[in-house]
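The structure appears below as structure tokens.
Protein chains: 2
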Amino acid sequence: MRMSELSRRSGVPVATIKYYLREGLLPAGRQLSATQAEYDEQHLRRLRLVRALIGVRGLPVSTTRELLGALSEYTGDTHRLLGLVLGGIRTSDAAEQGVPEPADVDALVAELDWDVHKAAPARLALAGTLASLRTLGVPLDRHSLLPYARLAQRTAVLDLDQLRGIDDPLETAERALLLTVLLEPALMALRRMAQENESARRHAEAGD
Amino acid sequence: MRMSELSRRSGVPVATIKYYLREGLLPAGRQLSATQAEYDEQHLRRLRLVRALIGVRGLPVSTTRELLGALSEYTGDTHRLLGLVLGGIRTSDAAEQGVPEPADVDALVAELDWDVHKAAPARLALAGTLASLRTLGVPLDRHSLLPYARLAQRTAVLDLDQLRGIDDPLETAERALLLTVLLEPALMALRRMAQENESARRHAEAGD
DNA sequence: GGCCATTGGATACCTTCGCTATCCATGTTA
DNA sequence: TAACATGGATAGCGAAGGTATCCAATGGCC
Numbered sequence: 001m002r003m004s005e006l007s008r009r010s011g012v013p014v015a016t017i018k019y020y021l022r023e024g025l026l027p028a029g030r031q032l033s034a035t036q037a038e039y040d041e042q043h044l045r046r047l048r049l050v051r052a053l054i055g056v057r058g059l060p061v062s063t064t065r066e067l068l069g070a071l072s073e074y075t076g077d078t079h080r081l082l083g084l085v086l087g088g089i090r091t092s093d094a095a096e097q098g099v100p101e102p103a104d105v106d107a108l109v110a111e112l113d114w115d116v117h118k119a120a121p122a123r124l125a126l127a128g129t130l131a132s133l134r135t136l137g138v139p140l141d142r143h144s145l146l147p148y149a150r151l152a153q154r155t156a157v158l159d160l161d162q163l164r165g166i167d168d169p170l171e172t173a174e175r176a177l178l179l180t181v182l183l184e185p186a187l188m189a190l191r192r193m194a195q196e197n198e199s200a201r202r203h204a205e206a207g208d
Numbered sequence: 001m002r003m004s005e006l007s008r009r010s011g012v013p014v015a016t017i018k019y020y021l022r023e024g025l026l027p028a029g030r031q032l033s034a035t036q037a038e039y040d041e042q043h044l045r046r047l048r049l050v051r052a053l054i055g056v057r058g059l060p061v062s063t064t065r066e067l068l069g070a071l072s073e074y075t076g077d078t079h080r081l082l083g084l085v086l087g088g089i090r091t092s093d094a095a096e097q098g099v100p101e102p103a104d105v106d107a108l109v110a111e112l113d114w115d116v117h118k119a120a121p122a123r124l125a126l127a128g129t130l131a132s133l134r135t136l137g138v139p140l141d142r143h144s145l146l147p148y149a150r151l152a153q154r155t156a157v158l159d160l161d162q163l164r165g166i167d168d169p170l171e172t173a174e175r176a177l178l179l180t181v182l183l184e185p186a187l188m189a190l191r192r193m194a195q196e197n198e199s200a201r202r203h204a205e206a207g208d
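Residue numbers (full-length UniProt numbering), protein chains in the order written: chain A, 1 to 208; chain B, 1 to 208.
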């Protein structure tokens, strides 16, 4: 298909598609001539994925590019790829440079006996958040963090269960990306509702 | 204290403080004269809170203003306030207008017997995310969402436990805000590490 | 083969957001 | 009283994400 059809079927303006091509979020189409290129269903899938990450979730373009890059580097087995995709996601909001003291995080990972890459961005993100909270007077040490981590582990089991039954490994990775990234606001919304409920419950218990 | 001292003790440039005053994120100081105002410790605390929400977490100014507004509207009991603060947080990234079909969310809340305000933004955020996932071919119905919600409930119990032992209700609410909002990236980082670990575990189990 | 709308590519521009810098009249302080 | 600081108003800046314009090369239709 041509770019105009790609635009029509995806709902994304042609100018925006050109922008994504420029930014390396979408691979170039097959060049038919100097001024003509053809796109296929893969491009359409990729475009929808990009719109989901950027438009729905609000990820910055640079982060999205990194994530998609991890997807393309797929060569070996599915779980290697999943580790790359799931573990390599940069959070992008917390200041991750000048890592304060990842010692707490390392100790936590060791205590849980988790198999997590030593340079995973998530480690830095976690350390950065803990440092911020500490300077704001909310300590939250490794001890009180442990139960949160155990709940995260059970969440991850649910996540991985969602990926069973998909044959194509690339499709598996794409779905993993969607589930990991798009589900985040949903999980946070659930947490907030649960907080509100729990607060009300304790309020009633304390007896107005 | 004067604005310059407020700036020095908080590390926030004077120009930025003026900006926050303009945007209604910081209450005006006590007017001493036409061109002089005095600020106190409350202002300093508030300023640090604002910096945490905007600078560390990356919340947009408008969302921050709403959150702080909820804090100021505090009149009654602590749990009412917590409900307001915890339940009223807008996610700001997902498109929340044109609510697709909150029926699933309503059913979920009913099934869990949660006491959540009917108009809580979290409901809309959740419904919006579910709708996005559905159009992207990742269904995720109420059934598969239920275990996530149960885990969120246990997370909320941990959250509320963190707030015990603080006397001042306003301080409690501020800490609740910090914990709810700043902990979000940390919880997501934990989830990603747990995903990576779980993927590696299943990989090893399947035998290379 | 000739003609004109369409395509892809390059470039410049636009809008929003979160600051930041400049001015200036008023006030404080030594 | 003179020099400097303060608060308020206003304008500008830089990044990010997207949009609009321009243009030569083409493809399709006759």
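Quick reminder that beta carbons are idealized off the backbone N, C-alpha and C, glycines included.
inquiry  = Do B/T64 and B/L47 have their beta-carbon atoms positioned less than 9 Å apart in this structure?
reply    = With contacts defined as CB atoms closer than 9 Å, B/L47 and B/T64 fail to qualify as a contacting pair.
Endpoints, alpha helix (DSSP H) assigned at B/Q42 = It spans 41-51 - the alpha helix (DSSP H) in which B/Q42 sits, taken as one unbroken run.
query = What number of angstroms, rounded off, separates the C-alpha of A/E5 from the C-alpha of A/E171?
reply = For A/E5 and A/E171, the gap between their C-alpha atoms comes out near 23 Å.
key: Continuous alpha helix (DSSP H) assignments of at least 4 residues falling wholly in the region 158-186 of chain B   = Taking only runs of at least 4 residues, no alpha helix (DSSP H) segment lies wholly in the region 158-186 of chain B.
key: C-alpha gap between B/L32 and B/R2, whole angstroms   = Cα-Cα distance, rounded: 10 Å.
query = Can you tell me where the alpha helix (DSSP H) with residue 261 of chain B in it begins and where it stops?
reply = Look at the range of chain B in this structure, 1 to 208, and you will see that residue 261 of chain B is not part of it.
task = Say whether chain A places a C-beta atom closer than 9 Å to the C-beta of B/A103.
result = Chain A has no Cβ within less than 9 Å of the Cβ of B/A103.
inquiry  = Beta carbons nearer than 9 Å to chain A: which residues of the region 169-190 of chain B have them?
reply    = Listed in chain order, the positions of the region 169-190 of chain B with a beta carbon within less than 9 Å of a beta carbon of chain A are R175, A176, L178, L179, T180, L182, L183, E184, P185, A186, L187, M188, A189, L190.
ask   = Along chain B, in chain order, which residues have C-beta atoms closer than 8 Å to that of A/S62?
value = The contact set of A/S62 on chain B, defined by CB atoms closer than 8 Å, is empty, because the minimum CB distance reaches about 14 Å.
request  = Please confirm if the region 9-28 of chain B is in contact with the region 182-195 of chain A, defined as three or more CB-CB distances below 8 Å between the two stretches.
outcome  = The answer is no - the region 182-195 of chain A does not touch the region 9-28 of chain B, with fewer than three Cβ pairs under 8 Å.
request  = Tell me, please, whether the region 114-134 of chain A touches the region 111-128 of chain B by the rule of three or more beta-carbon pairs shorter than 8 Å.
outcome  = Inter-segment contact for the region 114-134 of chain A and the region 111-128 of chain B is absent: fewer than three beta-carbon pairs are separated by less than 8 Å.
ask   = By DSSP, does A/A37 sit in helix, in strand, or in coil?
value = A/A37 falls in the strand class under three-state DSSP.
query = Just the Cα atoms here: how many angstroms apart are B/G11 and B/Y39?
reply = Distance between the alpha carbons of B/G11 and B/Y39: 15 Å.
key: Minimum Cβ-Cβ distance from B/L49 to chain A less than 9 Å   = B/L49 counts as touching chain A.
key: Within chain A, the residues that B/L21 reaches when beta carbons sit closer than 9 Å   = Chain A residues near B/L21: none, gap ~21 Å exceeds 9 Å.
ask   = Looking only at its own chain, which residues have a Cβ that is under 8 Å from the Cβ of B/R57, when we skip the five neighbours before and after it?
value = Within its own chain, the residues whose Cβ lies closer than 8 Å to the Cβ of B/R57, once the five positions on either side in sequence are excluded, are V181, L182, E184, P185, listed in chain order.
query = Among A/R9, A/S72, A/A125, which has the Cα closest to the Cα of B/A189?
reply = The closest CA to that of B/A189, considering only A/R9, A/S72, A/A125, is found on A/A125.
ask   = In chain B, which residues lie with their C-beta within 8 Å of the C-beta of A/D115?
value = Residues of chain B with a Cβ closer than 8 Å to the Cβ of A/D115 are, in chain order, E196, N197, A200, R201.
query = Whose CA, out of B/L158, B/R175, B/D159, lies closest to the CA of B/I166?
reply = Of B/L158, B/R175, B/D159, the smallest CA-CA separation from B/I166 is found for B/R175.
ask   = What first and last residue would you give for the alpha helix (DSSP H) that runs through B/A107?
value = Judged by DSSP secondary structure, B/A107 falls within the alpha helix (DSSP H) whose first and last residues are 103-112.
key: Nearest-angstrom beta carbon gap, A/L140 and A/L67 [assumed within contact, 8 Å]   = Contact between A/L67 and A/L140 does not hold, since the beta-carbon distance rounds to 29 Å and is not under 8 Å.
message = Looking at chain B, is there any beta carbon in it that lies within less than 9 Å of the beta carbon of A/A125?
response = Chain B contact via Cβ: present.
request  = Determine, using beta carbons only, whether A/A119 comes closer than 9 Å to chain B.
outcome  = Not an interface residue.
Closest residue to A/R201 among B/L163, B/L133, B/V157 (Cα-Cα distance) = Ranked by Cα distance from A/R201, the options B/L163, B/L133, B/V157 are led by B/V157.
task = Under 6 Å Cβ to Cβ from B/S92, same chain only, skipping five residues before and after it: list those, please.
result = Its pLDDT being 45, under 50, B/S92 is placed unreliably in this model, and the value from its coordinates should be taken loosely. Excluding sequence neighbours, B/S92 sits near P60, T63.
query = With distances taken from CA atoms, which of B/A173, B/L44, B/L146, B/Q153 is nearest B/I17?
reply = Shortest Cα-Cα distance from B/I17 to any of B/A173, B/L44, B/L146, B/Q153 involves B/L44.
task = Spatial neighbours of B/D161 within its chain, please: CB distance less than 6 Å, with the 5 preceding and 5 following residues excluded, ordered by chain position.
result = Excluding the 5 residues flanking it on each side, B/D161 has no same chain C-beta neighbour closer than 6 Å.
request  = Check whether the Cβ atoms of A/L151 and A/L130 lie closer than 9 Å to each other.
outcome  = Cβ distance not < 9 Å, so A/L151 and A/L130 don't count as in contact.
inquiry  = Using 9 Å as the threshold, is the C-beta distance between B/A107 and B/R134 below it?
reply    = Their beta carbons are not under 9 Å apart, which means B/A107 does not touch B/R134 by this criterion.
ask   = Which one of A/Y20, A/R154, A/V109 has the shortest CA to CA distance from A/G55?
value = Restricting attention to A/Y20, A/R154, A/V109, the CA atom closest to the CA of A/G55 is found in A/Y20.
key: Nearest-angstrom Cβ-Cβ length linking B/L187 and A/Y148, presumed shorter than 8 Å   = Indeed they touch by this definition, with Cβ atoms about 6 Å apart.
query = Beta carbon of B/D159, beta carbon of A/E205: below 9 Å?
reply = Against a cut-off of 9 Å, the Cβ pair of A/E205 and B/D159 comes out as no contact.
Members of the region 130-145 of chain B near chain A, C-beta cut-off 9 Å = Cβ contacts with chain A come from L130, S132, L133, T135, L136, G137, V138, L140, S144, L145.
key: Beta-ladder partner(s) of B/R30, from DSSP   = BP columns for B/R30 point to B/E38.
task = Work out the CA separation of B/T35 and B/Q153 for me, nearest whole Å.
result = Answer to the nearest angstrom: the Cα atoms are 51 Å apart.
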